[in-house]
Amino acid sequence: MRPQIDLKTLELTKWHEYLIRFVFGGCVTVLAGLVAREFGPVVGGLFLAFPAIFPASATLIEKHETEKCGTESYRREVGKIKAGFDAEGAALGSVGLAVFGWMVWKFLPEYSTGAVFASAFIAWLIVATALWGVRVALHRPEH
Amino acid sequence: MSVFAVCGDVLRPKSLAGVFSAAPSVAIATLSLTVMGQGNDYGALEGRSMIAGAAAFLLYAMCAHWLLMSYRLSARIVTTALLPVWVALAFALWRVFLR
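Protein chains in written order, with my numbering: chain H, 1 to 143; chain E, 1 to 99.
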């Protein structure tokens, strides 16, 4: 299964749906900072991996699929299945998040912030997409 | 945050798009501010805890996948109702490994 870019999806997404995700992500960022200030970095660090994007993304996938053509019950069913596949991808991405955290933990005290963040981000991307490649090779097809 | 959201929207198949639902957007934003104010060692400690948060995210996403695929529940309800599960798992891991 080859990755594809479908720009038509952007037409289905309304500007306020991006705004909601941006505001929610901003709130989580502020929350993580406040928790760290109140309870220290060990507790605050937990919130760096809070599911900030996933709930809205899965909900939007289901909503957009339901708006497409076909019988209503069929569309609802497809929407839930696609949201389920989105959750599977998020699980793979979370493994990459753990690698991101590990790199920050091990390398941030010794190297420059920018270099560590850039390396950790690349590691997240490589690990998450490699796991997705393994999943495609081993798993059931997705339509 | 918005860039990752757009990536997730336009990519197909949705299992690949889902990878971007677990992008380190909050981590990059929060750690950048933390390091500027508190220094690199403080940020490194947060990075260590982030591993526990990511493990909780893994279980959270697997539960969401199972509920959506097996019971065809609403994505909004499943992803929202499971957020307390993420909090409980993250704090359980903190209590066992990090406290």
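Yeah, the Cβ is synthetic: ideal placement off N, Cα and C, and Gly gets one too.
Legend entry - Which of helix, strand or coil DSSP assigns to H/R2: Your numbering for residue 2 of chain H matches position 2 in the first sequence. Here H/R2 sits in coil by DSSP.
Inset, instruction - Work out the CA separation of E/F57 and E/M50 for me, nearest whole Å. - result: As a first step, residue 50 of chain E is located in the second sequence; it is residue number 50 there, counting from the start. As a first step, residue 57 of chain E is located in the second sequence; it is residue number 57 there, counting from the start. About 10 Å.
Inset, instruction - Could you tell me whether the stretch 7–24 of chain E touches the stretch 114–134 of chain H, using the rule of 3 or more Cβ pairs below 8 Å? - result: Short answer: they touch.
Legend entry - Same chain only: Cβ atoms within 6 Å of E/A61, ignoring 5 sequence neighbours per side: The count along the second sequence starts at 1 and reaches residue 61 of chain E at position 61. Nothing meets the Cβ criterion.
Legend entry - Cross-chain neighbours of E/F100 in chain H, by beta carbon under 9 Å: Within the shown structure, residues of chain E are numbered from 1 to 99, placing residue 100 of chain E beyond reach of any answer.
Inset, instruction - Pick out whichever of E/S32, E/C63, E/K14, E/G37 has its Cα sitting closest to the Cα of E/I77. - result: Position 77 of the second sequence holds residue 77 of chain E. Of the listed residues, the one whose Cα sits closest to E/I77 is E/C63.
Inset, instruction - Look at H/L97 and E/A22 and say whether their C-beta atoms are less than 8 Å apart. - result: Looking up residue 97 of chain H in the first sequence gives position 97. Looking up residue 22 of chain E in the second sequence gives position 22. It is a contact, given that the beta carbons lie within the stated cut-off.
Inset, instruction - Rank H/L12, H/G45, H/H16, H/W15 by C-alpha distance to the C-alpha of H/V28 and give the top, closest one. - result: Along the first sequence, read from residue 1 onward, the residue named residue 28 of chain H stands at position 28. Checked all of H/L12, H/G45, H/H16, H/W15; the closest Cα to H/V28 is H/G45.
Inset, instruction - Can you have a look at E/L89 and say buried or exposed, based on whether 16 or more other CB atoms are within 10 angstroms of its CB? - result: By 1-based counting over the second sequence, the position of residue 89 of chain E is 89. Per the 10 Å Cβ criterion, buried.
Legend entry - Segment contact, 8 Å Cβ cut-off, at least three pairs: the stretch 84–98 of chain H with the stretch 56–64 of chain H: yes
Legend entry - H/E77 beta carbon less than 8 Å from that of E/H65: The residue labelled residue 65 of chain E in the question sits at position 65 within the second sequence. The residue labelled residue 77 of chain H in the question sits at position 77 within the first sequence. Cβ atoms of E/H65 and H/E77: not closer than 8 Å.
Inset, instruction - Inspect the beta-carbon positions of H/G101 and H/A32 and report whether they are closer than 8 Å. - result: For the purposes of this step, residue 101 of chain H is taken as the residue at position 101 of the first sequence. For the purposes of this step, residue 32 of chain H is taken as the residue at position 32 of the first sequence. No, these two residues do not count as a Cβ contact at 8 Å.
Inset, instruction - Could you tell me how far apart the beta carbons of E/G53 and H/F47 are, in whole angstroms, since I believe they sit closer than 8 Å? - result: For this step, residue 53 of chain E is matched to residue 53 along the second sequence. For this step, residue 47 of chain H is matched to residue 47 along the first sequence. Right, the Cβ-Cβ distance comes to about 7 Å (below 8 Å), so this counts as a contact.
Legend entry - Any C-beta of chain H under 8 Å from that of E/F57: For the purposes of this step, residue 57 of chain E is identified with residue 57 of the second sequence, where counting begins at 1. Yes, E/F57 counts as interfacial toward chain H.
Inset, instruction - Please name the residues in the stretch 4–27 of chain H whose beta-carbon is closer than 8 Å to at least one beta-carbon of chain E, in chain order. - result: Q4, I5, D6, L7, T9, L10, T13, Y18, R21, F22, G25, G26
Legend entry - Partners in chain H for E/R12, counting only beta-carbon separations shorter than 8 Å: Translated into positions along the second sequence, residue 12 of chain E becomes position 12. Simply P3, Q4, I5, D6.
Inset, instruction - Mind checking which residues open and close the alpha helix (DSSP H) that includes E/A17? - result: Working through the second sequence from its first residue, we reach residue 17 of chain E at position 17. Run containing E/A17: 14–19, per the alpha helix (DSSP H) assignment.
Legend entry - Local conformation of E/L73 per DSSP, three classes: For the purposes of this step, residue 73 of chain E is taken as residue 73 along the second sequence, with counting starting at 1. E/L73 falls in the coil class under three-state DSSP.
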